[in-house]
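Worksheet for the structure shown next.
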Amino acid sequence: QQKDFKAWEFSGSIKGLIPGKTYIFRIQAETRVGYGPEAIWKEKMPILAPPRPSSQVVPTEVCRSSTTIQIRFRRNYFSDVNGGVIAYTVIVAEDDTKNASGLEMPSWRDVQAYSTWPPYQVMEPYNPFKNSSIEDLTVGEENCEGIPAGYCNGPLKPGTTYRVKIRAFTTPDKFTDTYYSFPITTDNDNTALVVGLGIPVVMLIVLLLTVVLIRRRKHLARRTTENRASDNMSLPDSIIETSRPVHLEKFAEHYRLMSADSDFRFSEEFEELKHVGRDQPCTAADLPCNRPKNRFTNILPYDHSRFKLQPVDDEEGSDYINANYVPGYNSPREFIVTQGPLHSTRDDFWRMCWESNSRAIIMLTRCIEKGREKCDHYWPYDTLRVFYGDISVTILNECHYPDWSITEMVMCRGEQNRVIRHFHFTTWPDFGVPNPPQTLVRFVRAFREKVPGDQRPIVVHCSAGVGRSGTLIALDRILQQLHTSDVVDIYGIVWQMRKERVWMVQTEQQYICIHQCLLAVLEGNEGNGNTREIHHNQGFEDDEGIAESGM
60 QQKDFKAWEF SGSIKGLIPG KTYIFRIQAE TRVGYGPEAI WKEKMPILAP
110 PRPSSQVVPT EVCRSSTTIQ IRFRRNYFSD VNGGVIAYTV IVAEDDTKNA
160 SGLEMPSWRD VQAYSTWPPY QVMEPYNPFK NSSIEDLTVG EENCEGIPAG
210 YCNGPLKPGT TYRVKIRAFT TPDKFTDTYY SFPITTDNDN TALVVGLGIP
260 VVMLIVLLLT VVLIRRRKHL ARRTTENRAS DNMSLPDSII ETSRPVHLEK
310 FAEHYRLMSA DSDFRFSEEF EELKHVGRDQ PCTAADLPCN RPKNRFTNIL
360 PYDHSRFKLQ PVDDEEGSDY INANYVPGYN SPREFIVTQG PLHSTRDDFW
410 RMCWESNSRA IIMLTRCIEK GREKCDHYWP YDTLRVFYGD ISVTILNECH
460 YPDWSITEMV MCRGEQNRVI RHFHFTTWPD FGVPNPPQTL VRFVRAFREK
510 VPGDQRPIVV HCSAGVGRSG TLIALDRILQ QLHTSDVVDI YGIVWQMRKE
560 RVWMVQTEQQ YICIHQCLLA VLEGNEGNGN TREIHHNQGF EDDEGIAESG
610 M
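The sequence shown maps to residues 60 to 610 in the working numbering.
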């Protein structure tokens, strides 16, 4: 880059340089007759300690036992404006009034001599964020008896209150700490009580087990491999939190708290949806005859909710299309969510529209984005009739708007004719979400004005059929729910959708966008182009890009 200075300026600043990088500087004077000789020098930009995060950015408790505490922290806790963070460590304190700002911290072994433990360092600095943006660390999980020296993650004391903070390093000697976490108390050790009650309880258990084992002996032989594999599945829904309702009158404050400090509470909440539904089988999608029909190898329909085409001549796989029923506000099968049709599957797509008696198609991607095909142009280019298998499609009329178009088409099969509307949202950016998000609200309103709720399903697709599609369906449900309820449950809606189709609302940014859309409606800014800041957390960009990468 080049910067000019006035003749009377003897100093100035050049912005945007990267800490730790070496730059070559050239300076020369200019007069009427030309440039003078250059002065050249090299300068390495200094690396400083990271800026300290706000007091709300602290590690959070995941779970605990009598001797351990599992904490969670994220990569975006620390800014890289002063240099990239190269390593992290954890500081634990029973007495957090003692100084904990030095580079050389006591180890777990050093604090054993104190009745109340001062701050100590759990481990050597390390970098957990090479392949993820979140880290769950268990403090107290190691047995330090065989470790002669150095840092060791030794067990905590039962029934004791601790505070934890994260230390981030930009160089081995430059670091910054978060504030301490809220107090976390380990569980009490009930070993003595258990031993005291153990003998009579054990005798009773032995007696009961004898009876149970006799009765169950005949059933053990019938246990299948599938039953045994179920031990590795995720926790049952009765244990996992599936709903987080928020009163509408408190939603603005809820959004403010969730979006503070670069949306880190949104990040944590969205992370908890990561495994919802992932233990469900997709056997039909993985049949050799069906694999070429999937646009992405990792976006497959669950067996229990997949849309089944009518089989053709008993041909294997002829009932398959990459699509699932997904619940809406009006019906548990209000939507059929599918991938953007491939050229080889567009006949199946129109079969699905016909056999489901669908009344509308919502398309949320352009056919080509970033120079790559995201979806086949599966409908006619003009008013001439086009056959897709044994179904013909003809355009009746088209209406174009700044952000979407609406096309009315007629499907014909044999002697039967049906009208279907095609709603195409055309300005979803290659990366991120519609900005302002109110654009999406207006699109949903326009769609619902033409297609009121009834029992005929609506086909929705983007490219993968999960991210943008899930965002729109969630918003549609919320906008209808506003007329009948003073509570909204965005987390619960996404949870329900993910039980029916993988990765619905695929990115953190899309999850936040749903909240922003609702906030705009509640604040009366539905038609206003201004919106609040959208934070871009690395690794959560375009939904289709994530699908292609094999997330």
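Every residue gets a Cβ at the ideal spot worked out from N, C-alpha and C, and that includes glycine. None of these values were measured; they are calculated from a predicted model.
Inset, instruction - Could you name the residues that DSSP lists as bridge partners for residue 385? - result: 394
Legend entry - Inter-residue CB distance, residue 152 and residue 176 (contact presumed, cutoff 8 Å): 7 Å
Inset, instruction - Return helix, strand or coil for residue 226, following the three-state DSSP convention. - result: strand
Legend entry - Test: residue 216 CB closer than 8 Å to a CB of chain D: The question asks about chain D, but that chain is absent: this structure has only one protein chain.
Inset, instruction - May I ask which residues mark the beginning and end of the beta strand (DSSP E) holding residue 452? - result: 450-459
Legend entry - residue 359 beta carbon less than 8 Å from that of residue 557: no
Inset, instruction - Can you tell me which of 99, 66, 106 and 300 puts its alpha carbon nearest to the alpha carbon of residue 88? - result: 66
Legend entry - Nearest-angstrom Cβ-Cβ length linking residue 573 and residue 533, presumed shorter than 8 Å: 5 Å
Inset, instruction - Could you tell me which residues DSSP puts in a beta bridge with residue 98? - result: 86
Legend entry - Beta-carbon contacts of residue 77 that lie in its chain and below 8 Å, excluding the five residues immediately before and after: 104
Inset, instruction - Please confirm whether residue 323 and residue 116 have their CB atoms less than 8 Å apart. - result: yes
Inset, instruction - Using the DSSP secondary-structure output, state which residues sit across from residue 476 in a beta bridge. - result: 471
Legend entry - Environment of residue 68 [buried if 16+ CB atoms lie within 10 Å]: exposed
Inset, instruction - May I ask whether a heavy atom of the ligand MG can be found less than 7 Å away from the beta carbon of residue 78? - result: Among the components of this structure there are no ligands whatsoever, and the ligand MG is therefore not found.
Legend entry - Residue environment, residue 526, which counts as buried when at least 16 other CB atoms sit within 10 Å: buried
Inset, instruction - Starting from the N-terminal side, write out each stretch of the beta strand (DSSP E) that is 3 residues or longer and does not extend beyond the segment 120-181. - result: 128-133 and 146-152
Inset, instruction - Tell me whether residue 496 is buried or exposed, calling it buried when 16 or more other Cβ atoms sit within 10 Å of its Cβ. - result: buried
Legend entry - residue 110, buried or exposed, once every other Cβ within 10 Å from all chains shown has been counted against 16: exposed
Inset, instruction - Output yes or no for whether 8 Å exceeds the beta carbon distance between residue 147 and residue 202. - result: no
Legend entry - residue 358, DSSP secondary structure in three states: coil
Legend entry - Residues of its chain near residue 631, where Cβ-Cβ distance is below 8 Å and the 5 sequence neighbours each way are ignored: For the chain, the structure presents residues 60 to 610; residue 631 sits outside this window and is missing.
Legend entry - Per DSSP, cross-strand counterpart(s) of residue 464: 459 and 483
Inset, instruction - Within 10 angstroms of the Cβ of residue 132, are there 16 or more other Cβ atoms? Answer buried if so, exposed if not. - result: buried
Legend entry - Classification of residue 475 by the beta-carbon crowding that lies within 10 angstroms, buried from 16 upward: exposed
Inset, instruction - Check whether the segment 350-368 touches the segment 576-583, taking contact to mean three or more Cβ pairs, one atom from each stretch, closer than 8 Å. - result: no
Inset, instruction - Count the other C-beta atoms from every protein chain shown that fall within 10 angstroms of the C-beta of residue 544, then say buried if there are 16 or more, exposed otherwise. - result: exposed
Inset, instruction - Tell me residue 196's beta-bridge partners as DSSP assigns them. - result: 130
Legend entry - DSSP-derived helix/strand/coil call for residue 419: strand
Legend entry - Nonlocal neighbours in the same chain, by C-beta distance under 6 Å from residue 421, ignoring five residues either side: 482 and 519
Legend entry - residue 409, buried or exposed, once every other Cβ within 10 Å from all chains shown has been counted against 16: buried
Legend entry - Separation of residue 158 from residue 530, as counted between CA atoms: 47 Å
Legend entry - the segment 434-450 / the segment 536-552 touching (three or more Cβ pairs under 8 Å): no
Inset, instruction - Go through its chain and collect everything with a Cβ distance to residue 580's Cβ below 8 Å, but skip five positions before and after it. - result: 500, 538 and 541
Legend entry - CB contact flag (residue 506, residue 462, <8 Å): no
Inset, instruction - Please state if the CB of residue 404 and the CB of residue 427 are separated by a distance shorter than 8 Å. - result: no
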